[in-house]
Amino acid sequence: MDPKSQWLSTTLIAACLGGIGGWLAAQQQLQQPLARLNLVTPVFVLDRAKLIQSIPPNASQEHMAKIVEDWQGQAKKLSDAGYLVIDSTAVVAAPEDVYVRQAGR
Numbered sequence: 001m002d003p004k005s006q007w008l009s010t011t012l013i014a015a016c017l018g019g020i021g022g023w024l025a026a027q028q029q030l031q032q033p034l035a036r037l038n039l040v041t042p043v044f045v046l047d048r049a050k051l052i053q054s055i056p057p058n059a060s061q062e063h064m065a066k067i068v069e070d071w072q073g074q075a076k077k078l079s080d081a082g083y084l085v086i087d088s089t090a091v092v093a094a095p096e097d098v099y100v101r102q103a104g105r
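Numbering (full-length UniProt numbering), first residue to last: 1 to 105.
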């Protein structure tokens, strides 16, 4: 085997072994956090007070019913996806990113 092909095959083998080693190390490092993540129920907070405040005072009954129906639809979709959905009146403290914003805002 000439030196050029030996160098190329050595480099290729080293790259493959390095890639496999990196993948195994990443799997090992992620195993515990992923296991912990599976034990946590994701939570979303729907803010009914902000929803009611966002309804214009001159809104028709149909428009208000549509807004409330959309809000309940969002809650149902999240619940069907496995999330716990609570109203903001039950929240003592929560990060901003768990609040569900009204569509279109």
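Using N, Cα and C, we set each Cβ at its ideal position, and we do this for glycine too.
- In terms of CA proximity to PRO95, VAL43 leads the group LEU24, GLN28, LEU30, VAL43.
- Per the coordinates, the alpha-carbon of GLY82 lies some 8 angstroms from the alpha-carbon of THR41.
- As computed with DSSP, VAL100 is found in a beta bridge with LEU46.
- Taking 8 angstroms as the upper bound for CB-CB distance, LEU51 and ILE67 are in contact here, some 7 angstroms apart.
- Taken in chain order, the unbroken stretches of beta strand (DSSP E) that lie wholly in the stretch 21-94 and span 3 residues or more are 43-46, 84-87.
- By the neighbour-count definition (other C-beta atoms within 10 Å, threshold 16), LEU30 is an exposed residue.
- Pairing ARG48 with ASP87 gives a Cβ-Cβ distance under 7 angstroms.
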